[in-house]
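The next block holds one structure in the form of structure tokens; read it before the comments.
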Amino acid sequence: MVGTRGRHLVVEYHGCKSTHLDDQAFIRELLCEAAEAAGATVLAVHVHGFEPQGVAGVAVLAESHLSIHTWPEVGYVAADLYTCGDCVPQRAHDVLVAALQAQRCEVMELARGVPGGERSLGLVRLHTENLEPPRVFSRPVAVSEVASADQPEAADARADEAASSASRSRS
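Numbering (our numbering), first residue to last: 26 to 196.
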């Protein structure tokens, strides 16, 4: 992203493993690991636990900041990953996805401080990542079988229709 002063990911992680979302030490370590992966220098980390649950944490970086806010009761995490210079916030995001075991995330990427333009804030991309593990089948499976497994009532109706059609053709 030539010419920008910073890259900013605003991310919502859904379906996270809730056992870690209320653990202040885990969130502190996660912020440090994410910063390291992004190529950033951590200056300070502050983490605060809420009652009855939830954690907020921020890592102040030489290149900007990373912040995390957790809602363990619903498996949700909001994160702000803002870096400048040669840092790569996508790498911090990858660390968070793996550690939080997120099933889905929504990512808004912004270019911050674009010099020379009418606006200094630019939307780079907005997308949803479905992170559920792929299904593994023990034998070759037809697409119709997968659809049937997802919607058993529809499969039953198709089977009934096929049986009815077969009996009509025999008559």
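C-beta: ideal position from N, C-alpha, C; glycine also.
Since the structure is predicted, the reported quantities are computational estimates derived from the model, not experimental observations.
| message | Using a Cβ-Cβ cutoff of less than 6 Å, which residues in the same chain neighbour His33 once the five nearest sequence positions on both sides are dropped? | response | Tyr107, Leu135 and Arg137
**OP:** Please go through the same chain and pick out, in chain order, the residues whose beta-carbon is closer than 6 Å to the beta-carbon of Leu46, but skip the five residues on each side of it.
**Re:** For Leu46, where only same-chain residues beyond five positions count, the Cβ hits under 6 Å are Thr95 and Pro97.
**OP:** Under the assumption that Val102 contacts Leu125 (Cβ atoms under 8 Å), give the Cβ distance between them as a whole number of angstroms.
**Re:** 6 Å
Could you tell me the boundaries of the alpha helix (DSSP H) in which Asp119 lies?
Pro114 to Leu125
Item to complete: Give the single residue among Glu58, Lys42, Gly74 and Pro77 whose Cα lies nearest to the Cα of Gln115.
Response: Glu58
The beta strand (DSSP E) that contains Leu135, what's its start and end? Arg129 to Arg137
Checklist entry - Between Leu151 and the rest of its own chain, which residues show a CB-CB distance below 6 Å, the 5 nearest in sequence each way excluded? => result Met133
C-alpha gap between Gly82 and Thr66, whole angstroms:
For Gly82 and Thr66, the distance between alpha carbons rounds to 16 Å.
>> Tell me which residue opens and which closes the beta strand (DSSP E) that Glu37 is part of.
In response: Gly31 to His39
- Inter-residue spacing [alpha-carbon to alpha-carbon] between Ser43 and Ala69: Going by the C-alpha atoms only, they are around 25 Å apart.
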